[in-house]
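Number of protein chains: 2
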Amino acid sequence: MHDFKPRDEAGAELRAAESAVEPGLLVEERRRRICDLLQERGRVTVVSLARRFDTSTVTIRADLAALERAGALVRSHGGALLPRDGLDQPLTVKETLHHAEKVRIARIAVSLIRDGETIILDSGTTTAEIAKQIREAPLQSVNVITNALNVATLLASAPMVRLIMPGGILRRESNSLSGHVGEAALAELRADRLFLGADAIDPTLGVMTPHLPEAQLNLKMMEISRQVVAVADSSKLLRRNISLIAHVEQLHMLITDSAAPAAAVDELRRRGVEVLLA
Amino acid sequence: MHDFKPRDEAGAELRAAESAVEPGLLVEERRRRICDLLQERGRVTVVSLARRFDTSTVTIRADLAALERAGALVRSHGGALLPRDGLDQPLTVKETLHHAEKVRIARIAVSLIRDGETIILDSGTTTAEIAKQIREAPLQSVNVITNALNVATLLASAPMVRLIMPGGILRRESNSLSGHVGEAALAELRADRLFLGADAIDPTLGVMTPHLPEAQLNLKMMEISRQVVAVADSSKLLRRNISLIAHVEQLHMLITDSAAPAAAVDELRRRGVEVLLA
DNA sequence: AACCATAATCGTAAGGTATCGAAAGCCACT
DNA sequence: AGTGGCTTTCGATACCTTACGATTATGGTT
Chain A
0 MHDFKPRDEA GAELRAAESA VEPGLLVEER RRRICDLLQE RGRVTVVSLA
50 RRFDTSTVTI RADLAALERA GALVRSHGGA LLPRDGLDQP LTVKETLHHA
100 EKVRIARIAV SLIRDGETII LDSGTTTAEI AKQIREAPLQ SVNVITNALN
150 VATLLASAPM VRLIMPGGIL RRESNSLSGH VGEAALAELR ADRLFLGADA
200 IDPTLGVMTP HLPEAQLNLK MMEISRQVVA VADSSKLLRR NISLIAHVEQ
250 LHMLITDSAA PAAAVDELRR RGVEVLLA
Chain B
0 MHDFKPRDEA GAELRAAESA VEPGLLVEER RRRICDLLQE RGRVTVVSLA
50 RRFDTSTVTI RADLAALERA GALVRSHGGA LLPRDGLDQP LTVKETLHHA
100 EKVRIARIAV SLIRDGETII LDSGTTTAEI AKQIREAPLQ SVNVITNALN
150 VATLLASAPM VRLIMPGGIL RRESNSLSGH VGEAALAELR ADRLFLGADA
200 IDPTLGVMTP HLPEAQLNLK MMEISRQVVA VADSSKLLRR NISLIAHVEQ
250 LHMLITDSAA PAAAVDELRR RGVEVLLA
């Protein structure tokens, strides 16, 4: 009944004498060969690479993950492809830092979003990841308010998103707009949920940022939102910074990763913040 | 309304050569191929794709749903079409259309800009080219106001630019923000020069655009600018469109290319518009 | 024109296999 | 003892299938 048809790619590749076995290579060596093969054929599969280099598939997956981080390929279930020029080229250094955590955090954040809601996405790499995942989420329609240029660009290609920007003056460090122009525009809007990208969180004080105008804008964002959700990988906990955006009491939820220090998590929960660990 | 009934499927054998089967692909790979096929033929059907990739129609439907979410196509009963005015391909096509002319036009436009000035860049491919060249121009500091997302992204990497966005709701066809939010923000600003990207110019009427909210925003832009400069390659002259942005009399200057019809140029000059030919 | 019958297509669910990531252990080499 | 590179193990996902009831397009009939 369940007549599953296995992809017989192994056979396809074996027919050629080109799939010679190359065991006993150094790590870098092997990765270079993977890149070569990819250039040559346009695609590689985990299984065929494991066979060729006589390693486990786990090792190959690690290689592919590393090469993807380096931008040499695009991962796909079961294998990898050459990156297609154009779309996802702009990868900054910061984006790769704690990237896996951010992806998990973003996944949880997106799962909170219901159809028809209005959400606010603050600037930051974690919120940018949320934007990426919204694009691929099974949502019919969402209103997104954002002050971040990169978030806006990401969502510009998501047809189900009604995108609203409050405007302002660009601050390059965060790729986001701030200033009284945007604050005035925000005052006229209302949102269901705010995803606040935190630079630093202290469990006894609250969310902090190094930039004052952005702090003010964030304050406005909080005022017009029913629920405030901070998103931050665990490296941000117990850090401090110049200006306080929100007291702990104003925070409804924090999504962080499981490497978060237990003391910080406990303290936050004691103060009424719902903490989710990705 | 959308008819995908494969009535010409009778000649299936004729097309057998061109619709080769491609089984055993990675997910991403298959989706890329679907995009390619769509570009190539303008339309794809669920059934034909399922046959080609040797999968079930359910799988194809999932692919099409994912691609639609990503904005690569528009779903319709039985198949999918290229997005009518989407930004993925059409934008790149549009970008290369009359590209050489746009570059020359932009060069002249940038030469008008003086250090310390405040300029407004409207949305459009020509104004985007102006943004590109501003990045490389020998300017110390310029204030740029723009409602276009792609222009903003281009200028985000230009340190000498103080970038201001009025905000608004995204219109995907032009990658730009409009709406009363932005108009209110604009009202508080003043600019030396407005570079208006025209969709259509009629020498007796003025500058026209197909989108009403954008027309209103453009009107506000004109009100706060000392000088109004329209930029448009010659293919835009003598064209007409729905809503009128500006009468000829409100226009101070037009920069276009030398292929502009002499009659149109003469008429514009007679009415007091300074016309520069790139 | 409104109507219905029929067939194509749709979305969702249930179930199966392949692949995945995380964790723990192995081993050679400093 | 510590480290880097690898493996095996195992529960969790991703992908794809068939099945089935709901929805939509088509073409003939009233």
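Sequences listed follow chains A and B, in order.
Residue 231 in numbering that gives the first Met the number 0 sits at position 232 of the first sequence, and the numbers go up by one each step.
Residue 62 in numbering that gives the first Met the number 0 sits at position 63 of the second sequence, and the numbers go up by one each step.
We put the CB at the ideal spot given by N, CA and C, even for glycine.
Computed from a prediction, not measured in an experiment: that's the story for all the values here.
- Task: Return yes when the Cβ of L176 (chain B) is within less than 8 Å of the Cβ of N142 (chain B), no when it is not.
- Result: For this step, residue 142 (chain B) is matched to residue 143 along the second sequence. For this step, residue 176 (chain B) is matched to residue 177 along the second sequence. The answer is no: Cβ separation not under 8 Å.
- Message: In the DSSP output, which residue or residues are listed as bridge partners for M164 (chain B)?
- Response: The residue given as residue 164 (chain B) occupies position 165 in the second sequence. A:G167, per the DSSP bridge assignment.
- Message: Considering only their Cβ atoms, is the gap separating H246 (chain A) from G205 (chain A) smaller than 8 Å?
- Response: On the first sequence, residue 205 (chain A) is found 206 positions in, with the first residue counted as 1. On the first sequence, residue 246 (chain A) is found 247 positions in, with the first residue counted as 1. Yes.
- Grouping DSSP H, G and I as helix and E and B as strand, with all else coil, what is T124 (chain B)? Counting from 1 along the second sequence, the entry for residue 124 (chain B) is found at position 125. Of the three classes helix, strand and coil, the one that applies to T124 (chain B) here is helix, per DSSP.
- Query: What do you reckon, are the CB atoms on L66 (chain A) and P82 (chain A) nearer than 8 Å?
  - Reply: As a position in the first sequence, residue 66 (chain A) is number 67, starting the count at 1. As a position in the first sequence, residue 82 (chain A) is number 83, starting the count at 1. No, the pair does not count as a contact, with Cβ atoms beyond the cut-off.
- If we count the other Cβ atoms within 10 Å of its Cβ and call it buried at 16 or more, is G115 (chain B) buried or exposed? If you number the second sequence from 1, residue 115 (chain B) lands on position 116. The residue in question, G115 (chain B), is exposed, as its Cβ has fewer than 16 Cβ neighbours within 10 Å.
- Item | Cβ contact (3+ pairs, closer than 8 Å) linking the region 178-195 of chain B and the region 220-227 of chain B | Judged by pairs of C-beta atoms under 8 Å, the region 178-195 of chain B touches the region 220-227 of chain B, as three or more such pairs exist.
- Item | Through-space distance from E39 (chain B) to N240 (chain A), alpha-carbon basis | Here residue 240 (chain A) corresponds to residue number 241 of the first sequence, with the count starting at 1. Here residue 39 (chain B) corresponds to residue number 40 of the second sequence, with the count starting at 1. For N240 (chain A) and E39 (chain B), the distance between alpha carbons rounds to 54 Å.
- Query: Beta-carbon separation of L120 (chain B) and A130 (chain B) under 8 Å?
  - Reply: Counting from 1 along the second sequence, the entry for residue 120 (chain B) is found at position 121. Counting from 1 along the second sequence, the entry for residue 130 (chain B) is found at position 131. Yes, the Cβ-Cβ distance between L120 (chain B) and A130 (chain B) is below 8 Å.
- Message: With DSSP as the reference, identify every bridge partner of Q226 (chain B), one or two as the case may be.
- Response: Looking up residue 226 (chain B) in the second sequence gives position 227. Paired residue(s): B:R192.
- Query: Enumerated in chain order, which unbroken segments of the beta strand (DSSP E) with a length of 3 residues or greater are wholly contained in the region 110-160 of chain B?
  - Reply: 117-120, 141-145
- Query: In chain order, what residues of the same chain have a beta carbon less than 8 Å from the beta carbon of L211 (chain A), not counting five sequence neighbours either side?
  - Reply: Residue numbering aside, residue 211 (chain A) sits at position 212 when the first sequence is read from its first letter. For L211 (chain A), same chain residues with a beta-carbon under 8 Å away, outside a window of 5 residues either side, are I241, S242 in chain order.
- Message: Given this structure, state the Cα-to-Cα distance separating I112 (chain B) from E266 (chain B), to the nearest angstrom.
- Response: Translated into positions along the second sequence, residue 112 (chain B) becomes position 113. Translated into positions along the second sequence, residue 266 (chain B) becomes position 267. Cα to Cα, I112 (chain B) sits roughly 27 Å from E266 (chain B).
- Mind listing which residues of the region 153-176 of chain A have their C-beta closer than 9 Å to chain B's C-betas, in chain order? L154, A155, S156, A157, P158, M159, V160, R161, L162, I163, M164, P165, G166, G167, I168, L169, R171, N174, L176
- Under a three-way DSSP split, which group does L276 (chain A) fall into? On the first sequence, residue 276 (chain A) is found 277 positions in, with the first residue counted as 1. Three-state DSSP puts L276 (chain A) in a strand.
- Message: Please state whether the Cβ-Cβ distance between I168 (chain A) and L162 (chain B) is less than 8 Å.
- Response: Mapped onto the first sequence, residue 168 (chain A) falls at position 169. Mapped onto the second sequence, residue 162 (chain B) falls at position 163. Closer than 8 Å, so yes.
- Message: Rounding to the nearest angstrom, what Cα-Cα distance links P306 (chain B) and L237 (chain B) in this structure?
- Response: The requested residue 306 (chain B) is not part of the displayed model; chain B covers only 0 to 277.
- From A:R60, A:G196, A:V160, pick the residue whose C-alpha is nearest to that of P137 (chain A); which is it? Within the first sequence, numbered from 1, the residue matching residue 137 (chain A) stands at position 138. Out of A:R60, A:G196, A:V160, A:V160 has the C-alpha closest to the C-alpha of P137 (chain A).
- Rounded straight-line distance, which links the Cα of D256 (chain A) to that of A199 (chain A): For the purposes of this step, residue 199 (chain A) is taken as residue 200 along the first sequence, with counting starting at 1. For the purposes of this step, residue 256 (chain A) is taken as residue 257 along the first sequence, with counting starting at 1. Their backbone Cα atoms lie some 14 Å apart in a straight line.
- Task: Output the residue ranges of the beta strand (DSSP E) runs that lie fully inside the region 207-272 of chain A and measure 3 residues or longer, sorted by chain position.
- Result: List check, beta strand (DSSP E) in window: 224-230, 242-246, 252-255.
- Message: Counting only Cβ pairs nearer than 7 Å, list the residues of chain B close to G78 (chain A).
- Response: By one-based count along the first sequence, residue 78 (chain A) stands at place 79. In chain order: L25.
- Query: Does V272 (chain A) have its Cβ less than 8 Å from a Cβ in chain B?
  - Reply: Walking along the first sequence from the start, residue 272 (chain A) turns up at place 273. With 8 Å as the cut-off, V272 (chain A) does not count as an interface residue toward chain B.
- Message: I'd like to check one pair, N217 (chain B) with T203 (chain B): are the Cβ atoms closer than 8 Å?
- Response: In the second sequence, residue 203 (chain B) corresponds to position 204, counting from 1. In the second sequence, residue 217 (chain B) corresponds to position 218, counting from 1. Contact flag unset, no.
- Task: Tell me E205 (chain B)'s beta-bridge partners as DSSP assigns them.
- Result: Locating residue 205 (chain B) in the second sequence gives position 206, where the first residue counts as 1. The sequence given here places Gly at residue 205 (chain B); Glu does not occur at that position. Paired residue(s): B:D201, B:H246.
- Look up R106 (chain A) in the DSSP assignment and say whether it is helix, strand or coil. In the first sequence, the residue the question calls residue 106 (chain A) occupies position 107. Helix, per DSSP.
- Task: Rank B:I244, B:R42, B:D201, B:T44 by C-alpha distance to the C-alpha of V264 (chain B) and give the top, closest one.
- Result: Locating residue 264 (chain B) in the second sequence gives position 265, where the first residue counts as 1. When B:I244, B:R42, B:D201, B:T44 are compared, the shortest CA-CA separation from V264 (chain B) is found for B:D201.
- Message: Is there a Cβ of chain B sitting closer than 8 Å to that of S75 (chain A), yes or no?
- Response: Here residue 75 (chain A) refers to the residue found at position 76 when the first sequence is read from its first residue. For S75 (chain A), the answer is yes, since a Cβ of chain B falls inside 8 Å of its Cβ.
- Members of the region 122-148 of chain A that neighbour chain B once the beta carbon cut-off is set at 8 Å: For the region 122-148 of chain A, residues whose beta-carbon sits nearer than 8 Å to a beta-carbon of chain B comprise R134, E135, A136, P137, L148.
- Between A:A61, A:E248, A:L36, A:A19, which lies nearest to V26 (chain A) when the distance is taken from Cα to Cα? Position 27 of the first sequence, counted from the start, is the residue given in the question as residue 26 (chain A). Comparing Cα positions, the closest option is A:A61.
- To the nearest angstrom, report how far apart G123 (chain B) and I144 (chain A) are at their CA atoms. Sequence index remark: in the second sequence, residue 123 (chain B) carries index 124 (1-based). Sequence index remark: in the first sequence, residue 144 (chain A) carries index 145 (1-based). Cα-Cα distance, rounded: 23 Å.
- Query: Between E213 (chain B) and R270 (chain B), which are expected to be in contact by the criterion C-beta below 8 Å, what is the C-beta distance as a whole number of angstroms?
  - Reply: Along the second sequence, one-based indexing puts residue 213 (chain B) at 214. Along the second sequence, one-based indexing puts residue 270 (chain B) at 271. That pair is no contact at about 24 Å.
- Under three-state DSSP, which class holds V180 (chain B)? Residue numbering aside, residue 180 (chain B) sits at position 181 when the second sequence is read from its first letter. Three-state result, V180 (chain B): helix.
- Item | Which of helix, strand or coil DSSP assigns to L80 (chain B) | By 1-based counting over the second sequence, the position of residue 80 (chain B) is 81. Residue state, collapsed to three classes: strand.
- Message: For the region 180-207 of chain A, list every residue whose C-beta sits within 8 Å of some C-beta in chain B, in sequence order.
- Response: For the region 180-207 of chain A, which is checked against every Cβ of chain B, the residues closer than 8 Å are V180, G181, A183, A184, E187.
- Item | Nonlocal neighbours in the same chain, by C-beta distance under 7 Å from G181 (chain A), ignoring five residues either side | The count along the first sequence starts at 1 and reaches residue 181 (chain A) at position 182. Contacts found: N146, P165, G166, G167, L216.
- Using a Cβ-Cβ cut-off of 8 Å, state whether A151 (chain A) counts as contacting chain B. On the first sequence, position 152 is the one that residue 151 (chain A) refers to. By this cut-off, A151 (chain A) is an interface position.
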